[in-house]
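Here the structure is laid out as structure tokens; the discussion comes afterwards.
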Amino acid sequence: MRTAPFSDGTPLVTQWPIPPGHFFDYEIRPEVGDAGTYIYHSHSGFQAVTAHGQLIVREAEKHPYQYDDEIAILVADWYTKTDSEIESALTSDPFIWPGEPEALILNGRSGIQSLGNASHDSCMPSVITVIPGMTYRVRFASLAALSFTILEIEGHTDLTVIEADGRYMKPAKTDRIQLGSGQRFSILLTTKSPSELAADGKGGEYWINYRTPDGPRGNYLSGKALLKYGTWNSTQLYGKSGRQFCRKYGKPFHRKRAYPGVHNRHDRHDRHGRHPTAPPHPKVPGKPAVSVKNAWTTWLEYTLEPLDTSLSFPTLDEVTRTLHVNLTMDDKDGGQLKFKLNDLAWNEASFQQRPGAIPYLIDAYVNQRSPDYDAAIANNGWDPKSWGFPVRVGEVIDIVWQQTNIDARRSYEYHPLHAHGQRFWDLGSGSGEYDPVANEQRFANYTPAPRDTTILYSYNGDGNATTSAWRAWRYRVTEENIGAWLMHCHLLHHMVMGMQSAWFFGDATEILRNLPHPYISGYLEYGGSAYGNSTYDPFVLSYFD
Numbered sequence: 075m076r077t078a079p080f081s082d083g084t085p086l087v088t089q090w091p092i093p094p095g096h097f098f099d100y101e102i103r104p105e106v107g108d109a110g111t112y113i114y115h116s117h118s119g120f121q122a123v124t125a126h127g128q129l130i131v132r133e134a135e136k137h138p139y140q141y142d143d144e145i146a147i148l149v150a151d152w153y154t155k156t157d158s159e160i161e162s163a164l165t166s167d168p169f170i171w172p173g174e175p176e177a178l179i180l181n182g183r184s185g186i187q188s189l190g191n192a193s194h195d196s197c198m199p200s201v202i203t204v205i206p207g208m209t210y211r212v213r214f215a216s217l218a219a220l221s222f223t224i225l226e227i228e229g230h231t232d233l234t235v236i237e238a239d240g241r242y243m244k245p246a247k248t249d250r251i252q253l254g255s256g257q258r259f260s261i262l263l264t265t266k267s268p269s270e271l272a273a274d275g276k277g278g279e280y281w282i283n284y285r286t287p288d289g290p291r292g293n294y295l296s297g298k299a300l301l302k303y304g305t306w307n308s309t310q311l312y313g314k315s316g317r318q319f320c321r322k323y324g325k326p327f328h329r330k331r332a333y334p335g336v337h338n339r340h341d342r343h344d345r346h347g348r349h350p351t352a353p354p355h356p357k358v359p360g361k362p363a364v365s366v367k368n369a370w371t372t373w374l375e376y377t378l379e380p381l382d383t384s385l386s387f388p389t390l391d392e393v394t395r396t397l398h399v400n401l402t403m404d405d406k407d408g409g410q411l412k413f414k415l416n417d418l419a420w421n422e423a424s425f426q427q428r429p430g431a432i433p434y435l436i437d438a439y440v441n442q443r444s445p446d447y448d449a450a451i452a453n454n455g456w457d458p459k460s461w462g463f464p465v466r467v468g469e470v471i472d473i474v475w476q477q478t479n480i481d482a483r484r485s486y487e488y489h490p491l492h493a494h495g496q497r498f499w500d501l502g503s504g505s506g507e508y509d510p511v512a513n514e515q516r517f518a519n520y521t522p523a524p525r526d527t528t529i530l531y532s533y534n535g536d537g538n539a540t541t542s543a544w545r546a547w548r549y550r551v552t553e554e555n556i557g558a559w560l561m562h563c564h565l566l567h568h569m570v571m572g573m574q575s576a577w578f579f580g581d582a583t584e585i586l587r588n589l590p591h592p593y594i595s596g597y598l599e600y601g602g603s604a605y606g607n608s609t610y611d612p613f614v615l616s617y618f619d
């Protein structure tokens with residue numbers, strides 16, 4: 075939400091939380107270059123475990139890659155416990171682990187039971203129907219609360235990544251997809267020809283296998299979806315896909331005729347979309363067919379490059395400041411286990427306990443206050459009074475997320491690190507400690523990609539008891555990206571436990587000068603008129619009118 079900071083949706087950073095029984099109208103204005111795959115979700119507590127979805131921004135003009143149709147895939151976790159039960163356990167003293175997810179779901183289904191005899195529809199595999207000889211853009215997104223997902227498609231290993239986090243990339247070949255929470259990728263998938271399908275002898279049905287990496291005790295989650303090639307007796311193709319198929323294979327297109335992929339909508343079929351004359355559904359295999367490769371920490375690292383060559387990547391010589399942000403976990407604050415960034419645990423509850431706590435952007439408008447830059451420089455990057463990380467306009471800053479642990483008994487974990495506002499240039503990752511000079515040498519013939527979510531991996535130690543891994547970002551802060559922005563781990567458990575940080579690009583004077591006064595008192599007050607309820611609509615002063 076870089077173009078509408080008043081609608082970023084981060085409570086206590088850009089705005090007040092939405093009060094119970096109220097609603098807030100979010101304002102979105104995509105700009106040229108913003109076409110891509112996005113997500114939306116609640117940003118309060120553990121609500122995003124179910125309050126989420128995929129958001130697709132279409133191109134205003136012709137898109138740079140050609141394909142026949144699109145498929146949207148959303149990965150998430152499924153729990154039997156409520157979000158409040160999980161959040162209470164995570165913040166308890168002493169700490170209580172609420173347990174792993176019960177299932178990893180793809181488009182709302184876990185795929186752990188076979189089609190046709192599942193105990194519930196949500197236990198069946200999702201069925202994704204395609205037709206032969208077509209190119210599909212498959213949009214992947216993850217809003218998993220905790221899980222990291224590795225996904226492979228049986229018999230389809232020639233995949234091309236064309237988008238990451240809402241930005242087009244130069245084509246990059248891969249044989250699988252990896253997703254941390256908050257990440258989005260688009261791939262081009264070209265389906266098999268009719269002759270290839272006949273040679274395979276699989277009846278046009280291929281398993282989409284997905285799983286998490288092994289846990290500390292060898293445990294993991296897995297599931298399956300079904301990639302199904304259409305036949306004359308399965309589902310009906312309408313519109314674009316039907317026309318494309320007929321044009322490709324020289325057949326006349328008729329609006330009401332059944333084409334490969336879907337049966338006629340007036341025909342009899344079961345609750346699983348199965349035509350009565352079709353062969354039985356395949357049974358879900360017992361073992362996860364996806365292989366967890368040892369190189370999962372290097373997938374697409376130093377590979378993705380922006381398709382837009384006009385972007386100006388700042389070099390190491392231009393960097394004015396490097397800030398190391400150490401990620402640690404401890405229970406020093408009583409028995410409550412917390413994640414900390416440079417020894418600061420930030421979440422809604424802890425922030426509200428501060429005297430006079432007010433959202434950063436609201437504070438800039440009402441009191442003309444912003445985090446103290448000099449105090450932050452003397453205190454590992456954050457102002458001890460406001461808990462904000464200030465960055466001045468004109469700075470080129472490297473942020474190095476360093477996974478450390480002052481208590482070697484604590485286990486290292488992976489963290490999908492996400493930034494609101496302007497995208498950063500992703501400088502890559504590795505084990506041990508960050509070496510800026512050695513890493514910069516990688517960019518001689520390679521341009522880092524602008525991203526908003528990248529993974530700080532766990533390498534299980536490198537012989538150093540206190541250092542495990544790093545991930546580095548680079549920002550050029552300008553008048554265009556001033557505002558208050560949250561940077562955080564996208565795992566809900568870790569966010570609740572404090573792995574969040576509030577960053578202030580620019581100061582209050584620049585905020586007031588560059589961003590028009592929003593919503594007057596209705597926005598600046600908790601439960602003000604900018605927040606509607608059942609008795610009145612919100613008073614909206616559009617930022618873009």
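When the sequence shown is numbered by the numbering used here, its final residue is 619 and no position is left out of the sequence of numbers. For every residue, glycine included, the Cβ atom is placed at its ideal position computed from N, Cα and C. Small disclaimer: the values here were computed from a predicted structure and weren't measured.
- Judged by DSSP in its simplified three-state form, Arg443 adopts coil rather than helix or strand.
- Apart from the 5 residues on each side of it in sequence, Val511 sits with its Cβ closer than 8 Å to the Cβ of Leu390 in its chain, given in chain order.
- As summarised for the stretch 506-567, the continuous alpha helix (DSSP H) elements at least 4 residues long and confined to that stretch are 510-514, given in chain order.
- For His194, the number of other beta carbons within 10 angstroms of its own is below 16, and it is reported as exposed.
- Counting along the chain, Ser260 sits inside the beta strand (DSSP E) bounded by residues 258-264.
- Looking at the DSSP output, Leu129 bridges to Tyr112.
- The three-state secondary structure of Asn181, taken from DSSP, is coil.
- Secondary structure of Arg587 (DSSP, three-state): helix.
- In summary, Ala134 is exposed, with fewer than 16 beta-carbon neighbours lying within 10 Å of its beta-carbon over all protein chains present.
- In the three-state reduction of the DSSP assignment, Tyr294 falls in the coil class.
- DSSP links Phe214 through a beta bridge to Ile147, Phe259.
- Between the alpha carbons of Arg497 and Arg550 lies a gap of roughly 10 Å.
- With a cut-off of 8 Å on Cβ pairs, the stretch 559-571 is in contact with the stretch 488-496, counting three or more such pairs.
- Put simply, the backbone Cα of Lys136 is about 41 Å away from that of Tyr508.
- A direct Cα-Cα distance of roughly 27 Å separates Gln515 from Ile251.
- The continuous alpha helix (DSSP H) containing Leu271 extends over residues 268-274.
- Bounds of any alpha helix (DSSP H) do not take in Gln476; it lies within the beta strand (DSSP E) bounded by 470-478.
- Pairwise C-beta distances place the stretch 224-243 in contact with the stretch 256-264, as three or more of them are shorter than 8 Å.
- Rounded to whole angstroms, the separation of the alpha carbons of Ala438 and Thr583 is 8 Å.
- Relative to Pro429, the option among Gly455, Asp446, Ser460 whose CA is nearest is Ser460.
- DSSP links Pro429 through a beta bridge to no other residue.
- Per DSSP, the beta-bridge partners of His492 are Thr527, His562.
- DSSP, read as helix, strand or coil, puts Asp500 in strand.
- A check of alpha carbon separations from Ile205 across Asp142, Ser503, Pro612 identifies Asp142 as the nearest.
- Per the coordinates, the alpha-carbon of Trp152 lies some 7 Å from the alpha-carbon of Ile179.
- In this structure, the beta-carbon distance from Leu217 to Ile113 falls below 7 Å.
- Close CB contacts of Asp167 within its chain, under the 6 Å cut and outside five residues either way in sequence, are with Gly408, Gly409, Gln410 (chain order).
- At a Cβ-Cβ threshold of 7 Å, Val123 and Ala109 do not count as neighbours.
- In terms of Cβ geometry, Ser575 and Phe463 form a close pair [threshold 7 Å].
- Counting C-beta pairs closer than 8 Å gives three or more between the stretch 373-391 and the stretch 499-507, which meets the contact rule.
- Excluding its 5 nearest sequence neighbours in each direction, Pro91 has C-beta neighbours in its own chain below 8 Å: Pro85, Ser118, Glu422, Tyr600, listed in chain order.
- Per DSSP, Asp232 lies in no beta strand (DSSP E) segment and is marked neither H nor E.
- Around Lys302, the same chain offers Val201, Thr203, Glu279 as residues with beta carbons nearer than 6 Å, after the five sequence neighbours per side are excluded.
- Fewer than three Cβ pairs drawn from the stretch 157-171 and the stretch 222-229 lie within less than 8 Å of each other, which leaves the two stretches out of contact.
- Close CB contacts of Glu375 within its chain, under the 7 Å cut and outside five residues either way in sequence, are with Gly502, Ser503 (chain order).
- Of Val570, Val474, Phe613, Ala246, the smallest CA-CA separation from Gln121 is found for Val570.
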